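Worksheet for the structure shown next.
Protein chains: 2
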Amino acid sequence: MDKTKIAQALSDPIRYKILMMLIRGDSACCPISSNINLDAHTGLCNCEIMNELGMIQSRVSYHMKELVETGLVNEEPRGKWKYYFANSNKIADYIEQLKQDFKL
Amino acid sequence: MDKTKIAQALSDPIRYKILMMLIRGDSACCPISSNINLDAHTGLCNCEIMNELGMIQSRVSYHMKELVETGLVNEEPRGKWKYYFANSNKIADYIEQLKQDFKL
DNA sequence: TGCATATATCAAATATTTTTGATATGATTT
DNA sequence: AAATCATATCAAAAATATTTGATATATGCA
């Protein structure tokens, strides 16, 4: 696990907000509007994040890529959308690492 | 507590190394050579960090300032040296915050 | 006081990250 | 197949962070 890479991901306020959105697990906008089955209601797609944070598409894309690369977020394409899920295990691992490193 | 600021501090490999040095609590070089009393042997001064990491003085100064500003490190001037100590409470608080935010 | 040592600060140079707009890719619908 | 929608990628611009060398400040010592 790359500790400093994860810290870097967590250091951007926008990425932190996105992570909080994913943790909250608001129901996604897209499956509703397009009648995809209900279990799609976990995770969020790009457009949801764009709307909520008022960001343009490529900016969201950039940040999601950063998050996915650290493993803090998993992605899953569904139809023409892409869904994102917070990976709690990764964060838990990171916390454990911090505890060890800082002797806590 | 500024979560993203702390993450930012933890995101630089050099600062992370410095924190590890402070946690390890190697005895400082300066008090020994200059016969300051023994309880000075906790914490590290700039020169110790310079030597160990092979960095020039202003660079160390910059990173120490960053660390102190987040509260992850406390400083204490002693004579013409400045000693630095890892602030474990701050890190513990940050970990607690992460746990809460990520529902862990 | 004057000199040496330790650290701080500053401005310029570099490097890295983030944002943007344009365009490309890929899936869905008609 | 063509049009549409969602996302990815790219290159340039903008913003931030880091490094460096020079100089300043502050302390202790001869």
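So the protein sequences, as listed, match chains A and B.
Residue numbers for the first sequence follow the working numbering, so the first one is 1 and each next one is one higher.
Residue numbers for the second sequence follow the working numbering, so the first one is 1001 and each next one is one higher.
Positions of the beta carbon are idealized from the N, C-alpha and C atoms, including for glycine.
Predicted, not measured: the structure shown is a model, and the values here were computed from it.
Query, Result
"Are the Cβ atoms of residue 1013(B) and residue 70(A) separated by less than 7 angstroms?", "no"
"With respect to the beta strand (DSSP E) encompassing residue 1082(B), which residues constitute its N-terminal and C-terminal limits?", "1081–1086"
"Grab the span of the alpha helix (DSSP H) containing residue 49(A) for me, first residue to last.", "46–53"
"Identify the contact partners of residue 20(A) in chain B, using a Cβ-Cβ distance below 8 angstroms as the criterion.", "1101"
"Just checking, does the stretch 1006–1023 of chain B make contact with the stretch 94–103 of chain A on the three C-beta pairs under 8 angstroms criterion?", "yes"
"Report the neighbours of residue 11(A) on chain B: residues whose CB is nearer than 7 angstroms to its CB, in chain order.", "1004, 1007, 1008, 1011"
"In or out: residue 1048(B) buried (at least 16 other Cβ within 10 Å) or exposed?", "buried"
"Residue 84(A): buried (16+ other C-beta within 10 angstroms of its C-beta) or exposed?", "buried"
"Is the CB of residue 44(A) under 7 angstroms away from at least one CB in chain B?", "no"
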